[in-house]
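The working numbering applies: residue 46 is where the sequence shown begins, and numbers increase by one.
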Amino acid sequence: MLPYFDQDHLLLQESARSWVEKNLARDHKDEADTEAAAQRLVRKLGKEELIAYVAPKRFGGVREEIQARDWCLLREELARGSSLADTMFSIQALGSYPITLAGTDDQKLRYLPPIARGEAIAAFALTEPQAGSDIASIQTRAVKRGRDYWITGVKSFVSNAGIAQTYVVFASTDPEKKARGLSAFVVEAGSRGLALKEKTRLLSPHPIGVIAFEDCVVSESNRLGEEGDGTKIALATLDTMRCTVGAAAVGLARKALEEAIRYSRERRQFGQELAQFQGIQFKLADMATELEAARLLVYQAAWSHDHGQADRKKNSSMAKLFATEAAQRIVDQALQIHGGIGLVAETPVARLYNDVRALRIYEGTSEIQKLVIAKELLK
Ligand SMILES: Cc1cc2nc3c(=O)[nH]c(=O)nc-3n(C[C@H](O)[C@H](O)[C@H](O)COP(=O)(O)OP(=O)(O)OC[C@H]3O[C@@H](n4cnc5c(N)ncnc54)[C@H](O)[C@@H]3O)c2cc1C
């Protein structure tokens with residue numbers, strides 16, 4: 046048991062683990078199935094009161110204050126069972142946390158309870174075709190006219206595009222100020238001028254696409270925080286989410302190690318189990334050691350977030366960087382141990398190989414995590 050948990054974390058871990066054992070089958074195949082499976086998963090996780098952990102108690106959640114440790118525990122367990130289940134939980138968190146952080150009580154009461162119950166699907170629209178890591182180059186504009194904002198622009202790689210009810214959208218209200226001119230808005234699906242432009246197919250099941258705003262009118266009352274608060278809100282959200290991406294990596298890597306151990310005991314070559322070869326044993330030992338190191342960084346980062354420690358931003362980036370890179374190596378070695386069977390589509394280890402790749406890219410690539418860590422070290 047890690048020192049970062051209280052008794053209620055362990056209970057949550059236990060109930061998530063047993064829910065995953067009973068409920069998750071890796072049964073999503075093509076894009077249409079992915080969206081249906083994604084929506085089903087959100088409803089299921091909502092009914093089970095697992096998504097409720099994304100909101101504070103007053104707004105449909107479980108605890109008075111959101112805890113990163115809860116999110117990490119849930120993401121580790123869900124990712125071990127199904128990458129799509131983890132994705133659906135995580136985007137409910139990503140798309141609602143800006144509202145928790147910067148919303149008024151009215152905004153929180155309106156948007157958070159349905160998201161926490163899994164009745165509304167959330168999305169977070171920051172990335173654009175020309176603005177990925179560099180959010181200061183965001184082109185989407187929000188122009189104030191009376192008490193409304195008119196939003197125009199395109200957002201790409203929006204998880205849950207087309208199936209979400211609630212989009213948190215980042216747009217420039219003052220282009221000259223670049224990053225300091227960004228503002229955040231809640232835009233409801235069905236708003237005039239908001240359209241799904243295309244669905245994007247990824248390596249691994251993930252509902253995602255491009256959305257376009259053409260003179261989409263949103264009320265001033267849908268702005269989160271003040272004009273110019275957008276970057277602060279986006280980065281605070283990502284700082285919290287990053288250690289949870291590390292937790293998802295730990296879940297995938299754990300499953301990969303389990304599969305590698307199982308297979309190395311089953312498969313015989315040269316008259317003995319693969320597990321008898323020292324070459325295989327060394328691989329398993331390295332995988333287990335990296336996994337444990339990743340887990341420690343993740344839960345240390347989550348603990349430092351929950352306790353408001355000064356180094357929480359650096360810790361969260363370190364956890365994401367190390368855990369996602371380690372998970373990639375662990376999954377790769379698990380596949381290597383499987384030989385040719387590891388490449389057969391739909392086998393657990395082949396799925397893990399596809400599932401793990403995105404984690405080193407989204408919510409800040411590994412390179413961007415290094416920049417964040419260095420900035421914190423040098424400031
Ligand atoms: C599965 C998935 C889900 C996603 N979901 C969402 C979502 O819900 N909402 C959303 O807004 N976005 C989402 N994204 C977008 C994601 O956050 C971006 O892809 C990511 O931030 C990287 O941006 P980019 O793809 O434009 O790459 P770029 O920024 O173009 O980077 C390309 C390469 O250059 C490197 N690079 C860039 N700048 C530097 C630098 N200064 N120094 C060194 N190297 C650098 C990067 O590390 C990368 O290797 C998602 C992406 C994926 C893959």
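Ideal Cβ placement from N, Cα and C applies to all residues, glycine included.
From a predicted model like this one, the values you see are computed outputs, not experimental measurements.
Residue burial is scored here from C-beta neighbours: G198 has at least 16 other C-beta atoms within 10 angstroms and is therefore classed as buried. In this structure, the CA atom of E122 is about 9 Å from the CA atom of W64. If you check the C-beta of E408 against ligand 1, you find a heavy atom less than 7 Å away. A contact between stretches requires three or more CB pairs, one per stretch, nearer than 8 Å, and the segment 268-279 fails this requirement with the segment 330-337. Residue range 227-233 is occupied by the beta strand (DSSP E) that includes S228. Beta-bridge pairing by DSSP links F258 to G198, L239. Around T185, the same chain offers G198, A216 as residues with beta carbons nearer than 6 Å, after the five sequence neighbours per side are excluded. Scanning G387, S182, I382, T245 for the CA closest to the CA of L319 turns up I382. Q378 and K328 have their alpha carbons spaced roughly 7 Å apart. Contact between the segment 291-300 and the segment 342-351 is present, with at least three C-beta pairs closer than 8 Å.
Out of T282, A298, C288, L139, the CA that lies nearest to the CA of A209 is found in L139. Shortest gap from the CB of E318 to any heavy atom of ligand 1: 7 Å or more. Annotation: W116 to K300 spans about 18 Å, alpha carbon to alpha carbon.
Bridge partners of Q314 according to DSSP: Q317. Taking a contact to require three or more Cβ pairs closer than 8 Å, the segment 308-315 and the segment 403-422 do not qualify as touching. Its chain contains no residue whose beta carbon lies nearer than 8 Å to that of D51 once the 5 sequence neighbours on both sides are disregarded.
Looking at L119, A168, V213, G148, the one whose alpha-carbon comes closest to that of S204 is A168. For R190, the enclosing beta strand (DSSP E) covers residues 186-190. For S135, the uninterrupted alpha helix (DSSP H) run begins and ends at 128-147, by DSSP. In this structure, the beta-carbon distance from Q137 to V87 falls below 8 Å.
When only Cα atoms are considered, T285 and L380 end up about 31 Å apart. Of the residues R155, S264, E412, the one whose Cα lies closest to the Cα of R192 is S264.
The beta carbon of D356 lies closer than 8 Å to those of S349, E421 in the same chain, with the five residues before and after it left out. Within the same chain, Cβ atoms closer than 7 Å to the Cβ of V376 are found at L297, A298, A301, L397, Y398, V401, the five residues on either side in sequence being excluded. For A216, the enclosing beta strand (DSSP E) covers residues 211-217.
Per DSSP, the continuous alpha helix (DSSP H) segment holding F327 begins and ends at 323-351. Going by DSSP, F367 is part of the alpha helix (DSSP H) stretching over 357-383. In this structure, DSSP gives A165 a state outside helix and strand, which the three-state scheme calls coil. Distance from the C-beta of V188 to the nearest heavy atom of ligand 1 is not below 7 Å. In the three-state scheme derived from DSSP, where H, G and I count as helix and E and B as strand, S182 is classed as helix.
Taking C-beta atoms under 8 Å as the contact rule, L388 and T282 fail to qualify, at a distance of about 37 Å. Shown here, K244 sits in a strand according to DSSP, grouped into three states. Contact between the segment 249-256 and the segment 97-115 is absent: fewer than three C-beta pairs spanning the two stretches fall below 8 Å.
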